[in-house]
Amino acid sequence: MFTDSHAHLTFDTLYENVEEILKRAKDAGVNRIFNICTDIKTAERGIELAAKHDYIHNIGATTPHDVEKEGEEHFPYFEKLAKEGSLVAVGETGLDYYYEHSKKSLQKKFLIKYFHLARETNLPVVIHCRDAFDDLFEIADAEFANSEKALDRGYYVSFSGIATFKKSEGLREAASYVPLDQMLIETDSPYLAPQSKRGKVNEPAYLKETAEMLAILKGVSLEDFAKITSQNASFVFGV
Ligand SMILES: [Zn+2]
């Protein structure tokens with residue numbers, strides 16, 4: 159049984175057919191999904207969905223892409239959800255200097271705000287980071303404990319369908335270094351469908367292909383890989 163540690167079930171693309179998608183996920187052995195909510199609409203849907211299905215858990219924050227547009231407006235809402243216990247983690251927050259849809263200074267400001275919220279509510283943080291690791295680690299070290307790299311800091315690293323792409327040699331090499339007990343798997347659906355489904359709308363049911371690739375890479379059975387990554391998610395998110 160697999161855990162999808164990061165999916166956007168309540169984005170319009172998936173939410174339209176969410177019950178069918180959840181059924182296909184179950185049939186494909188995905189028995190737990192962490193739903194990433196990025197605004198009020200997707201969070202309200204997520205809370206409704208979690209009330210109906212006890213294997214769905216919500217995580218929420220404004221993404222680094224959108225903080226310029228709606229960071230201020232939505233922060234009090236995510237703060238309320240975190241404080242009332244509707245979220246199992248804060249995120250995805252972070253820094254994205256590749257797209258830089260929001261000013262870097264604002265991305266940093268909100269990353270710090272969400273770090274503070276996570277500490278106040280004793281919740282873990284789900285990080286999105288692209289081309290901004292120096293700033294990420296500098297801020298994280300100022301806010302939390304000081305050490306060298308992500309793994310040394312005890313961070314968990316989540317792998318998506320990108321790991322199955324033909325050209326992702328570098329990412330597979332990274333996966334070979336990440337200890338199994340710090341590894342999570344995710345679809346990031348509706349984005350990033352794995353190799354055999356490229357170009358399609360991704361959904362949690364497609365998680366297995368990524369798991370198969372990574373299990374071979376780590377030299378463990380698919381069953382053990384599913385079990386360990388699910389246990390990791392239970393530990394990180396406290397469910
Ligand atoms: Zn995402």
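Residue 159 is where the sequence shown starts when you use this note's numbering, and the numbers rise one by one after that.
Glycine included, C-beta positions come from ideal geometry on N, C-alpha and C.
Three-way DSSP call (helix, strand, coil) for residue i in this model
i	result
residue 326	coil
residue 236	helix
residue 162	strand
residue 357	coil
residue 378	coil
residue 384	helix
residue 169	coil
residue 316	strand
residue 369	helix
residue 397	coil
residue 248	strand
residue 392	helix
residue 332	helix
residue 351	coil
residue 230	helix
residue 362	helix
residue 242	helix
Identified DSSP bridge partners for residue i
i	result
residue 339	In the DSSP output, where bridge partners are listed per residue, residue 339 has none listed.
residue 215	192
Any non-hydrogen atom of ligand 2 within 7 Å of residue i CB
i	result
residue 389	Looking for ligand 2 in the displayed structure turns up nothing; the ligands present are ligand 1.
Residue-chain proximity (residue i, chain B), Cβ-Cβ < 8 Å
i	result
residue 223	Included in the structure is just one protein chain, with no chain B present.
Quiz prompt | Test item, CB below 6 Å from any non-hydrogen atom of ligand 1 | solution = 164, 166, 194, 250, 346
Quiz item: Could you give the uninterrupted runs of the alpha helix (DSSP H) lying entirely in the region 250 to 309, keeping only those of 4 residues or more?
Solution: 262 to 279, 291 to 301
Quiz item: Whole beta strand (DSSP E) runs in the region 173 to 208 with 3 or more residues, listed along the chain?
Solution: 188 to 195
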